Ligand SMILES: [Zn+2]
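Numbering (our numbering), first residue to last: -7 to 381.
If you want it as structure tokens, here you go:
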């Protein structure tokens, strides 16, 4: 419906209608969006919950909602040019949306929670894993439609005020050619993103005369550099829109290499999200990571894992991880925390030496969330308690 609202606003020039839709989008993102971009925290009714109601184990995050979010954000991006819409498209595409499909492409999730306990089943239909089919088969056509149109989400042009600009919103290997700035423009983009942060852009056709190339620099890329036709290894200064912009009279053969910083990082939730308080998530570039039971050593139960706030991650690239395919896993120092019971209850007195939680050091391994549940039905979690948190 919101996609239609934006379409009507643009067609009729109704600025107030457009502003209202953008306002609802902003509220949704700020208070009701999972780290994966997933939307809809309640399975019953397939609805949004209250503000900050984002339980990782129960959240519904329907695959169709991810597709719809991308379609809405895309229209707002076209209407306003603001890169925050491209940011949410990327987060949703690589995480909530991509996780729906199994690695072999034969099964899918309707709901996409951020945690699965070993003895826990909340999803509709088969409670524990992706389905081959589901009687309410809304998601498969939503997936095929979006995947079949992904080429349209990568690039836009603007030609206002005599300043023609080509905007790259998403990074993927592609070639493009089309009318621009009174002539034709062509680009070839080569990259192994999101596994690697290097994006090489070659101009293959140029309309003649100066124009601007604008590259989206995601906020997580702390140290971004680029090689331009004039100089190499320059630190990128993004504008207030989060874009690196280069004006010049481009010629065929000119290249720009963007180096995005994919250093793994810990992410904290807003303190009002009660269900996530004291936890952190692991991210690398646009990918949200999760801990799956099958990867953990020394009998470490995923449900007992805790991360040190100063966790450092070792990146391990796999050409073909069994059942998963190409990936980059992350290893880190962690701990298994065994919780204490007092008087048979799952609580204990603060400061009581007689009943204290104990922890034991382990090495924990995380995989990209979108690749989870391809190796058995063990526990999984995105949000993990911080030691001392
Ligand atoms: Zn659906």
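Think of the CB as a built atom: it goes at the ideal place given N, C-alpha and C, for glycine as much as any other residue.
Please read all numbers here as calculations on a predicted model, not as lab measurements.
Taken in chain order, the whole beta strand (DSSP E) runs of length 3 or more contained in the stretch 323 to 365 are 350 to 360. Residue 241 and residue 220 have their C-alpha atoms spaced approximately 13 Å apart. For residue 51, the closest C-alpha among the options 103, 250, 168 is that of 103. Contact annotation: the stretch 293 to 312 does not touch the stretch 332 to 346, with fewer than three C-beta pairs closer than 8 Å.
The three-state secondary structure of residue 250, taken from DSSP, is strand.
Taking the Cβ of residue 8 as the reference point, every heavy atom of ligand 1 lies at 7 Å or farther away. When DSSP assignments are scanned along the stretch 135 to 163, the uninterrupted stretches of beta strand (DSSP E) that are 3 or more residues long and fall wholly within it turn out to be 147 to 150, 157 to 160. A distance criterion of 7 Å places the beta-carbon of residue 55 in contact range of ligand 1, judged by its closest non-hydrogen atom. Counting C-beta atoms within 10 angstroms of its own C-beta, residue 262 has fewer than 16 neighbours from the protein chains shown and is therefore classed as exposed. Judged by DSSP in its simplified three-state form, residue 64 adopts helix. In this structure, the alpha-carbon of residue 2 lies about 13 Å from that of residue 66. If you draw a straight line from the Cα of residue 312 to the Cα of residue 149, it comes to about 37 Å.
Going by beta carbons, residue 259 and residue 275 fall inside the 8 Å limit. For residue 331, the closest C-alpha among the options 356, 321, 355, 293 is that of 293. Note that the C-beta distance between residue 268 and residue 379 is not below 8 Å. Here residue 298 carries a strand assignment [DSSP, helix/strand/coil]. In terms of side-chain proximity, the C-beta atom of residue 130 is found nearer than 7 Å to a non-hydrogen atom of ligand 1. Taking C-alpha positions only, residue 71 is separated from residue 209 by approximately 20 Å. In the DSSP assignment, residue 125 is bridged to no other residue. Within the DSSP bridge table, the entry for residue -2 names no partner.
Check the Cα spacing between residue 316 and each of 178, 110, 160, 359: the tightest is with 359. Judged by pairs of C-beta atoms under 8 Å, the stretch 231 to 249 does not touch the stretch 316 to 327, as fewer than three such pairs exist. For residue 76, the enclosing alpha helix (DSSP H) has its first and last residue at 75 to 83. Going by C-alpha positions, residue 155 is about 15 Å away from residue 177. Less than 8 Å divides the Cβ of residue 88 from the Cβ of residue 30.
Each residue's CA atom was taken as its position, placing residue 142 and residue 91 some 16 Å apart.
Cβ neighbours of residue 207 within its own chain (closer than 6 Å, five residues either side excluded): 160, 236, 250. A contact between stretches requires three or more CB pairs, one per stretch, nearer than 8 Å, and the stretch 184 to 200 meets this requirement with the stretch 161 to 176. Spatial neighbours of residue 370 in its own chain (CB-CB distance under 7 Å, excluding positions within 5 residues in sequence) are listed in chain order as 110, 284, 285, 286. The residue among 256, 356, 255, 347 with its C-alpha nearest the C-alpha of residue 297 is 356. Counting only runs of 3+ residues, the beta strand (DSSP E) found wholly inside the stretch 241 to 293 occupies 247 to 251, 257 to 259, 271 to 276, 279 to 284, in chain order. Taking non-hydrogen atoms of ligand 1 into account, the C-beta of residue 134 is found less than 7 Å away from one of them.
Residue -7 sits in coil when the DSSP states are folded into three classes, being neither helix nor strand. Taking C-beta separations shorter than 7 Å and ignoring five residues to either side along the sequence, the partners of residue 99 in its chain run 122, 123, 124, following chain order.
Residue 379 carries a coil assignment under DSSP once its states are collapsed to helix, strand and coil. Collapsing the DSSP output to three states places residue 111 in coil.
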